[in-house]
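So the structure is just underneath, and the comments pick up after that.
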Amino acid sequence: MSKYAVIGNPIDHSLSPMIHAQFAKQVGLSITYEKILSPINEFSSSVERFIKSGGLGFNITVPFKINAYELTNDCTLNAKAAGAVNTIKVENNTLIGENTDGIGLVNDLCNNLNQSLKDKEILIIGAGGATQGILKPLLDCGPEKILLANRTKDKSIKLAHKFSKYGKVCGFGLDQIKAKPVDIVINATSASIAGKMPELANGVAEGAICYDLMYGIETPFMKWAYKNSALKVSDGLGMLVEQAASSFAFWHGKTPQTRPVINLLREKDD
Ligand code: NAP
């Protein structure tokens, strides 16, 4: 059986083995997909062990996406732009990196939530690893502009500068967000993990699609969005399944159906 895995720390919570098992069943592939907890300073030896044991590909989650990028021998354009990878394919001892986070978000917004991103004004909150991964795929959809706001202002300014070759993106501090509605607000901070809400001007959510990358609970950001008249509110479960589907296609050359898996995970949550 071909061998795959997800490597992270912590890793217990990961839904990836379940998602990949569903995809493999759909397309009739025989694979194993395990969770690997890597000690924080031992990512490269964890990868080496997995490959020696016959591993053909793996996903990478927090906090190793940048370490993984540095380990690759070759990368897709997407991964190069992000400077981080969440998917690696092993071919003749060569590690090929991809970042499917952004494609996953775009597919969820466009295909599952029926939103066009063309000519839209998008506000992203947060300038960490997830934002690095989603910026290029979002800019590739031709939004009017992306506003990038972060608690630590310097980080959003630097990131906006780095990605400005792909489209119109400007970076500033959280406290500089205007209380003026935008089309889409994406919470790409890790505040939800701590049960916190980034401090945002209320007016931006009115009539907007509000999307939290976090999944599994109704986050403070989602509650804030409902209270402030958002048009639609979503968590990041669809993105999780969509990014997994893109990783699956990257490894196996077969694109699985995501809708039944999203429905299954939502039922499991109820
Ligand atoms: P990260 O690299 O640690 O970055 C965290 C970001 O959140 C930073 O910009 C930080 O601002 C900001 N932040 C943290 N607490 C905040 C607060 N209380 N108020 C305002 N800003 C705050 O994390 P990441 O890897 O980008 O992950 C971000 C989120 O995306 C996580 O919830 C993760 O689970 C989620 N995610 C979901 C998927 C999916 O498939 N659905 C995929 C990837 C990531 P400073 O720079 O000022 O510290």
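Residue numbers (my numbering): 1 to 270.
Beta carbons: idealized from backbone N, C-alpha and C, even for Gly.
Keep in mind that this is a model prediction, so the values were computed, not measured.
Simplified DSSP assignment, three categories, for residue 40: coil
C-alpha distance - residue 210 paired with residue 187, whole-angstrom precision: 8 angstroms
Beta-ladder partner(s) of residue 134, from DSSP: In DSSP, residue 134 forms no bridge with anything.
Nearest residue (CA-CA) to residue 182, options 263, 218, 225, 244: 225
Residue 255 CB to nearest heavy atom of ligand 1 below 7 angstroms: no
Heavy atom of ligand 1 within 7 angstroms of residue 189 beta-carbon: yes
Same chain, Cβ closer than 6 angstroms to residue 96, neighbours up to 5 away in sequence not counted: 74, 89
Between the CA atoms of residue 115 and residue 247 - distance to the nearest angstrom: 23 angstroms
Contact test: residue 56 Cβ vs ligand 1 heavy atom, cutoff 7 angstroms: no
Helix, strand or coil at residue 348 [DSSP, three-state]: For the chain, the structure presents residues 1 to 270; residue 348 sits outside this window and is missing.
Nearest-angstrom Cβ-Cβ length linking residue 134 and residue 184, presumed shorter than 8 angstroms: At roughly 12 angstroms, the Cβ-Cβ gap does not stay under 8 angstroms, so residue 134 and residue 184 are not in contact.
Start-end ranges of the alpha helix (DSSP H) lying completely within the segment 190-254, minimum 4 residues: 220-227, 237-252
Rounded distance between the beta-carbons of residue 231 and residue 201, thought under 8 angstroms: That belief does not hold up - the Cβ atoms of residue 201 and residue 231 are roughly 17 angstroms apart, past 8 angstroms.
Proximity test, residue 2 beta-carbon vs ligand 2 heavy atom, cut-off 7 angstroms: Ligands in the displayed structure: ligand 1; ligand 2 is not one of them.
Cβ neighbour criterion (16 or more within 10 Å) applied to residue 258: buried
Beta-carbon proximity list for residue 29, same chain, < 7 angstroms, skipping 5 on both sides: 252
Residue 105 and residue 141 closer than 8 angstroms at C-beta: no
Anticipated Cβ contact below 8 angstroms, residue 69 with residue 83, distance rounded: 6 angstroms
Under the three-state DSSP convention, the category residue 129 falls into: helix
Expected contact under 8 angstroms - CB spacing of residue 137 and residue 193 to nearest Å: No, residue 137 and residue 193 are not in contact; Cβ-Cβ is about 23 angstroms, not under 8 angstroms.
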